[in-house]
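Engineer: In the numbering used here, the protein residues as written are 43 to 348.
1) Give a yes or no on whether the C-beta atoms belonging to residue 276 and residue 302 are separated by under 8 Å.
2) How big is the Cα-Cα spacing for residue 97 and residue 64?
3) Let me see if you follow: with CB-CB separation under 8 Å, is residue 67 close to chain B or not?
4) What's the C-alpha gap between residue 164 and residue 93?
5) How many angstroms separate the CA atom of residue 82 from the CA atom of residue 288?
6) What residue range does the beta strand (DSSP E) around residue 237 cover?
7) Do residue 45 and residue 248 have their CB atoms nearer than 8 Å?
8) Looking at the unbroken beta strand (DSSP E) that takes in residue 272, where does it start and where does it end?
9) For residue 66, which residues in the same chain have their Cβ closer than 6 Å to its Cβ, ignoring the five residues on either side in sequence?
10) What would DSSP say about residue 61, mapped onto helix, strand or coil?
11) CA-CA distance, residue 115 and residue 101?
12) Determine the closest residue to residue 322 out of 308, 212, 123 and 190, with distance taken between C-alpha atoms.
13) Return the first residue and the last residue of the alpha helix (DSSP H) that residue 50 is part of.
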């Protein structure tokens, strides 16, 4: 579920081995909340001011990681050099080593070379040499290790009296806090009904805007299969659809080599006001209560589709 969007800095156009962050459709967020598989965290409210002691401890830990990384880099360089020297000695004898030593002597002013030489002699590495060593900065994908980051649900507040509630486990809680209001209309509920019904049948869904629908429907893993359908959602069983829309949908499906799927949802409500009331009351929080029934119609045009 979801679409990975993280890429490599030097290969921004590659799309085979993507990683975090994971981008979710609104319907996927609703599905995960209803199935108790995710939490919603209001990041703007999830941080408290760290104490001076916590801040100092955090930066000391970061500095220690940098120093350890630099020392590992020097050790790897030394190990690699010793390996090359052993290969040269085995191949050419002492002559190659003497020529190599002469070249190194000409570069004695280089900071890293002098540091490595002192390291080989068993001496401690000078702080200024370590300071000049480059290092790689890693940006963590989670805030969990940061001082002052404190997600807190309503159930956790009893043990954390000074914390603010900023984490929500149900659609009702998130709506009351103004963090997540989807779905609150008849059409949005119909989209959730279609998404959950197709997902329960083993299909994978992603956004279908570029193919002229609400969803693109894959028969399985999108890395293994091409999408078979472009799904368009009709909010109710009585939602009218002009004939030219049907013709356009059929032709569009042929153009993009997909069957156009009309999805009629029956969520057993009649208007947006009733949908909003159910949302506020948390009537849709439990996954054991389905959104409703869905009827599917697939369009064939010019011999394409089923």
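C-beta atoms are modelled at their ideal positions from N, C-alpha and C, and glycine is treated no differently.
Structural biologist: On the basis of the data shown:
1) no
2) 30 Å
3) Absence of chain B from the displayed structure is noted, only one protein chain being present.
4) With a pLDDT of 45 at residue 164, under the threshold of 50, the modelled position of that residue is not reliable, and no figure is offered here.
5) 39 Å
6) Taken as a continuous stretch (DSSP letters only), residue 237 belongs to no beta strand (DSSP E), being part of the alpha helix (DSSP H) at 228–242.
7) yes
8) 271–276
9) 44
10) strand
11) 21 Å
12) 212
13) Run containing residue 50: none; DSSP gives neither H nor E here.
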